[in-house]
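For reference, the structure discussed in these notes is given below.
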Amino acid sequence: MKESEKLRHLLEHWAEHNEEHAKTYLEWAEKASASGDNELSSILKEIAESTKRMDGLFEKAMQAVRK
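First residue of the sequence shown? That's 0 in our numbering, and the numbers climb one at a time after it.
Below you can see the structure in the form of structure tokens.
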């Protein structure tokens, strides 16, 4: 397997896990909010938003590796 094929596979894998992590952060943000820890909830939501912004970068990387 060529390095570019390996990288394409890894990027797809990382992108998928990135989405899963963002969902998990939001779930825990809701739990923190429900338990009254609004500061932690806010931080976790910010982490989730930052994680979601990486989705576009993964897409760009996947397009670049396909060239």
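Every residue, glycine too, gets a C-beta built ideally from N, C-alpha and C.
Keep in mind the model is a prediction, meaning the values are calculated, not measured.
| Check | Outcome |
| --- | --- |
| Backbone CA spacing between Phe57 and Asn17 [nearest angstrom] | 9 Å |
| Cβ pair Ser49, Ser40 closer than 8 Å | no |
| Own chain, CB closer than 6 Å to Trp27, minus 5 neighbours either side, in chain order | Leu43 |
| Which of helix, strand or coil DSSP assigns to Asp36 | coil |
| Cβ shell of Leu10 (< 7 Å), same chain only, five flanking positions each side left out | Phe57, Ala60, Met61, Val64 |
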